[in-house]
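Asker: First the structure, then my questions, so here it is.
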Amino acid sequence: MKFEEINPELVTLCRTADPFLMAESVIGDRLRGLDTLSLKGIERKKALPGDVVNLLIIYFFSEVKGTVYHRNALSKLYNHWVSNEVFTFSKAKKMIELDMHEQLGEIDRL
């Protein structure tokens, strides 16, 4: 995914939205049960700044919306970003250019 391809309104929303509103905005509809479970998996984690989490949500849900995916995939991707020290919005912009499926690994292919 290229950062430039993201709707500018979503980028602006990154600064203020909670993860659930962010996901609904990306999906363009109400969250399904699977989406809510995935978001609850990262809800209490505080390792990443809010705007970085929201860019991660744009990245993740742009790839998986309307599909069935492993409910721990978002949490695994979150942890991957933490281990790669994605603590700034500029570093997050670089991470979204990587293939999400490769980041999740062969076992958790979506």
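When you number the sequence shown by the working numbering, it's gap-free, plus one each residue, and the end is 1500. Just so you know, even glycine gets a beta-carbon here, dropped at the ideal spot from N, CA and C.
List the endpoints of the continuous alpha helix (DSSP H) containing Ser1412.
Answerer: Reading off the sequence shown, one finds Met at residue 1412, where the question assumed Ser. Segment 1409-1417, the alpha helix (DSSP H) holding Met1412.
Asker: What residues in its chain sit with their C-beta under 6 Å from that of Val1472, if we drop five residues either side in the sequence?
Answerer: Excluding residues within five positions, the ones whose Cβ falls inside 6 Å are Ala1437.
Asker: Under the three-state reduction of DSSP, which class applies to Glu1399: helix, strand or coil?
Answerer: Three-state DSSP puts Glu1399 in a helix.
Asker: Taking the alpha-carbon positions, what's the Glu1433 to Pro1409 distance?
Answerer: Straight-line Cα distance between these residues: approximately 8 Å.
Asker: Are the Cβ atoms of Leu1446 and Ala1482 separated by less than 8 Å?
Answerer: Yes. Within cutoff.
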